[in-house]
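Scroll down for the structure; my scribbles are underneath it.
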Amino acid sequence: MARVVVNVPAEAKRGEVIEIRTLAGHPMETGFRRTQLGELIPRDIIRSLVCTYNGVEVFRADFHPAMAANPLLTFTTVAAESGTLEFRWTGDNGFSATQTAAIKVL
Amino acid sequence: MITRRAFLLLGVVGTAHAQLPPNIGEIRKKALDEAIRKVVGSNPVRQGRVKLDLPPLIDNGNTVPLSVEVQSPMTAADHVKAIHVFTEKNPQPYVLSAYLGPRAGRARIATRARIADTGIVTAIAQMSDGSFWSDSVKVIVTLSACLEEGLI
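Here is the structure:
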């Protein structure tokens, strides 16, 4: 299981813009590198990240090989109601990782 | 310990690697234009409203922190729909496409990219009214991404 980390504030005021930081442990092999013997290393990257807030999609991103290894992504969302944020990464070779974070809206 | 055979092979591969077509600059420029066209279609792209922030001098192209901020009220009527980041000199021009909506609250993303060579990095924002805005930054890369194998 891939190691993924998300950073979401535990509490927020209603209507407040909160910053979310996500990090996924992945080499993001570009498909342009070669081994010492000249064989091309096949591409193996995370293709997308989807963030849902109580089941509603609030953010989505498509990654390309030009993302650095262990892709880090920071974005924002409005704290609308208490609930859970779910993050799903999907990628090449059937890569899939999910992480959830609870938020309490005061 | 490297065998003689492997060493000779390395030489062959190294040469093949170094022989990029002479008009590689043009090819990459064309690929970048095509990639941007694919996103914006025939709409004009205007300068402004977007702020792309990344260090002007990059020691290591493998991890380049960058952030994109777009001036927008982020309401249901007027918000940023998508932010795209492109580079000029990479083998492929795409870096990232982020899709936001009014629930983002603020149009700001930050990430880390790989940048192959000294050149231009461009961020394009698509607004909910269909207009496109962009910002470009010229960066100098001392250690390129993608070349740590083969050429050293």
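Each protein sequence line maps, in turn, to chains P and C.
Position 34, counted from 1, in the first sequence is what our numbering calls 34; the numbers after and before it change by one each time, with no gaps.
Each number in our numbering comes from the position in the second sequence (counting from 1) with 1000 added on.
Glycine included, each C-beta is placed from N, C-alpha and C at the ideal position.
Since this is a predicted model, take the numbers as computed values, not measurements.
Helix, strand or coil for residue i, going by three-state DSSP, please let me know.
i: C:Leu1057; result: strand
i: C:Asp1117; result: coil
i: P:Leu37; result: coil
i: C:Ile1027; result: helix
i: C:Pro1091; result: coil
i: C:Asp1078; result: coil
i: P:Leu23; result: strand
i: P:Ala61; result: strand
i: P:Phe95; result: coil
i: C:Arg1106; result: coil
i: C:Val1039; result: helix
i: P:Asp44; result: strand
i: C:Arg1004; result: helix
i: C:Glu1149; result: With a pLDDT of only 49 at C:Glu1149, under the threshold of 50, the placement of this residue in the model should not be trusted, and no figure is reported.
i: C:Ala1016; result: Unreliable placement is indicated for C:Ala1016, whose pLDDT of 49 sits below 50; the coordinate value is still reported in the next sentence. Residue state, collapsed to three classes: helix.
i: C:Asp1129; result: coil
i: C:Glu1034; result: helix
i: C:Gly1048; result: coil
Which residues in chain C sit within 8 angstroms of residue i, going by Cβ to Cβ distance?
i: P:Arg60; result: Ala1098, Tyr1099
i: P:Pro71; result: Thr1111, Arg1112
List the residues of chain P whose Cβ lies closer than 8 angstroms to the Cβ of residue i, in chain order.
i: C:Gln1092; result: His64, Pro65, Ala66
Name the chain P residues that come within less than 7 angstroms of residue i, Cβ to Cβ?
i: C:Arg1028; result: Those within 7 angstroms of C:Arg1028 in chain P number zero; the least Cβ separation is about 13 angstroms.
i: C:Gly1105; result: Val17, Thr76, Thr77, Val78
i: C:Ala1110; result: Thr74
i: C:Val1095; result: His64, Ala66, Met67
Below 7 angstroms on C-beta distance, what does residue i contact in chain C?
i: P:Pro27; result: The premise fails here: P:Pro27 is roughly 11 angstroms from chain C at the closest Cβ pair, so nothing lies under 7 angstroms.
Under 8 angstroms by Cβ, that's how I've got residue i and residue j pegged, so tell me the actual separation to the nearest angstrom.
i: P:Ile20; j: P:Thr77; result: 6 angstroms
i: P:Thr90; j: P:Thr100; result: Rounded, the Cβ-Cβ distance is 16 angstroms, inconsistent with contact.
i: C:Val1045; j: P:Met67; result: The pair is not a contact, with the Cβ atoms about 23 angstroms apart (cut-off 8 angstroms).
i: P:Arg47; j: P:Asp62; result: 7 angstroms
i: P:Leu72; j: C:Arg1112; result: 5 angstroms
i: C:Ile1109; j: P:Thr74; result: 6 angstroms
Excluding five sequence neighbours on each side, which residues of the same chain lie with their C-beta closer than 6 angstroms to the C-beta of residue i?
i: C:Val1039; result: His1084
i: P:Asn54; result: Gly83
i: C:Lys1138; result: Ile1120
i: P:Asn7; result: Arg21
Once you ignore the five residues that flank residue i on each side, which residues in its own chain have a CB closer than 8 angstroms to its CB?
i: P:Leu106; result: Glu11, Ala12, Lys13, Arg14
i: C:Asn1043; result: Gly1130, Ser1131, Phe1132
i: C:Val1080; result: Val1070, Ser1072, Met1074, Leu1100, Ala1104, Ala1107, Ala1125, Gln1126, Met1127, Ser1128
i: P:Glu57; result: Val50, Cys51
Output, in chain order, the set of chain P residues within a Cβ distance shorter than 9 angstroms of residue i.
i: C:Val1070; result: The premise fails here: C:Val1070 is roughly 12 angstroms from chain P at the closest Cβ pair, so nothing lies under 9 angstroms.
Among residues of its own chain, excluding the 5 on either side of residue i, which ones have a beta-carbon nearer than 7 angstroms to its beta-carbon?
i: C:Ala1035; result: Phe1086, Pro1093, Tyr1094
i: C:Ala1031; result: Pro1093
i: C:Ser1097; result: Ala1082, His1084
* Asked: Taking any Cβ of chain C, which residues in the segment 33-48 of chain P have a Cβ under 8 angstroms from it, in chain order?
  -> Arg33, Arg34, Thr35, Gln36, Leu37, Gly38
* Asked: When Cβ atoms are compared, which residues of the segment 1045-1062 of chain C fall closer than 9 angstroms to chain P?
  -> Asn1062
* To do: Could you list the residues in the segment 1117-1130 of chain C with a C-beta less than 8 angstroms from some C-beta on chain P, going in chain order?
  => none
* Taking any Cβ of chain P, which residues in the segment 1074-1089 of chain C have a Cβ under 8 angstroms from it, in chain order? -> Thr1087
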